[in-house]
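Enquirer: The structure under discussion is supplied below as structure tokens; questions concerning it will follow.
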Amino acid sequence: MDTLMKYLKIIRERGLSQNEIESLINDAEDSAQDILVDRKRKESDRNTARDVIRWIRRVRDSFNRKGSIHPNAVNALRRVVTGVKSGRYGFMNPPDGRVPDQYSK
857 MDTLMKYLKI
867 IRERGLSQNE
877 IESLINDAED
887 SAQDILVDRK
897 RKESDRNTAR
907 DVIRWIRRVR
917 DSFNRKGSIH
927 PNAVNALRRV
937 VTGVKSGRYG
947 FMNPPDGRVP
957 DQYSK
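Everything in the sequence shown is counted per the working numbering, starting at 857 for the first residue and increasing by one.
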């Protein structure tokens with residue numbers, strides 16, 4: 857067993873620093889604001905952006921109180937930033953514009 861453990865490599869996920877989390881929150885809010893102020897977007901898209909901004913502000917409040925956020929919140933923030941900034945969702949797929957659960961496809 858000891859020899860087996862010697863050859864196993866433990867892979868750990870790197871955590872984000874406080875500054876990286878703050879930057880991620882800011883980027884997500886900026887992305888949602890871009891949708892909100894875009895008058896070419898449907899009203900339903902802008903309403904979704906309002907809901908996302910409210911959620912981001914709750915995440916920010918939690919981060920400010922606790923100094924950290926749940927990994928699922930980090931993943932969701934990344935989806936917001938990636939979905940809007942990359943153009944893969946929202947602008948390139950106008951019929952829906954929402955980031956799917958399986959966004960890696």
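The C-beta atom is built at its ideal place from N, Cα and C for all residues, glycine as well.
#1: Measuring CB to CB, does L892 end up less than 8 Å from A884?
#2: Based on Cα-Cα distance, which residue from V915, L872, A888, S879 lies nearest to N903?
#3: To which residues of the same chain is H926 closer than 6 Å at the C-beta, ignoring the five residues directly before and after it?
#4: Going straight from the alpha carbon of R913 to that of D890, what length do you get?
Expert: According to the structure data:
#1: no
#2: A888
#3: none
#4: 16 Å
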